[in-house]
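Peer 1: Pasting in a structure now, in C-alpha cells, and then I'll have a few things to ask.
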Amino acid sequence: DCNHDNGGCDHECEEDKYDEWCSCREGFKISTDDWRKCVDIDECEDNTHHEDCHTCVNAEGNYTCRCRYGYELDPITE
Ligand SMILES: [Ca+2]
405 DCNHDNGGCD HECEEDKYDE WCSCREGFKI STDDWRKCVD IDECEDNTHH EDCHTCVNAE
465 GNYTCRCRYG YELDPITE
C-alpha cells in the first residue's frame, strides 16, 4: 500500500489495482537485493552512457566526465 509508509519504497511507490511496486528516480535503479531499495547506477561501468567521456567519474545519482589535458567539456552535450 503506497499510502502507508510509501509502500516501504526508497524513492517512488507505484500501484495499480493488482499490484504495487517501487521505482527509482533518474540515475538510480532497484537494488538486486531488495526491490524496495534504490541504488546508484554506475554509468561508468555501462559503456553506453559515456562514449565521449575521457574519464568517467561515477557519482550518486549521476556521473561526470573529466577530460584529458587540452580538452574541455562540450557545453552542449554535457
Ligand atoms: Ca551514478
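All residue numbers for the sequence shown refer to this note's numbering, where the first residue is 405 and numbers rise by one. Even glycine gets a Cβ: it sits at the ideal position worked out from N, Cα and C.
1) Between GLU424, LYS421, ASP446 and ARG440, which lies nearest to GLY431 when the distance is taken from Cα to Cα?
2) Shortest alpha-carbon distance to VAL387 belongs to which of SER435, GLU449 and TYR467?
3) In this structure, how does DSSP classify GLU482 when only helix, strand and coil are distinguished?
4) Quick one: Cα of GLY411 to Cα of VAL461, how far?
5) By a C-beta neighbour count over all protein chains shown, 10 Å radius and 16 as the cutoff for buried, is GLU418 buried or exposed?
Peer 2: Working from what's here:
1) ASP446
2) This structure leaves residue 387 out entirely; the chain is present only between 405 and 482.
3) At GLU482 the pLDDT is 48, less than 50, meaning the model places this residue with poor confidence; the figure from the coordinates comes in the next sentence. Coil at GLU482, not helix or strand.
4) 33 angstroms
5) exposed
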